[in-house]
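Structure first, then comments.
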């Protein structure tokens, strides 16, 4: 069974663009259902970012708690070292490395490495040495990374219109 870990931008873009709470509640229900089935989750550091927004998404994330936004466990700690070693061994600018090691992306990649999860993000690989992108880290560390749309298709998510409420 594939397990997916979602980046903050998946939630933020869903809320702001394609799957607003007001017109596509099925997306959010699907996330909750898939989390209950141990297929979809995210990490505590992503929740911290979302809750800091003080909006409807912040309330949604807060209501999900540690069941959806997983805290780091003993397996994540050695993976943090692996991810850090990878980042510092690349040609990134020192500021890019320092920033990466301070943000949720670092923890997301490490959690995925530790638990053999697929990372889901809207980020795309980049040749820039000024910012470490999640897909670049995943490629470098042998972690599968995909867009939310790829995940939805792989999992055969269906948001079908029903009777108007």
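Residue numbers (my numbering): 20 to 184. Where is the CB? At the ideal position from N, CA and C, for every residue including glycine.
The Cβ atoms of residue 66 and residue 87 sit closer than 9 Å to each other. Residue 165 is bridged by DSSP to 139. According to DSSP, residue 23 shares a beta bridge with 59, 137. Annotation: residue 130 to residue 157 spans about 11 Å, alpha carbon to alpha carbon. Residue pairing of residue 171 in beta bridges, as defined by DSSP: absent, with no partner found.
Residue 89 is bridged by DSSP to 62.
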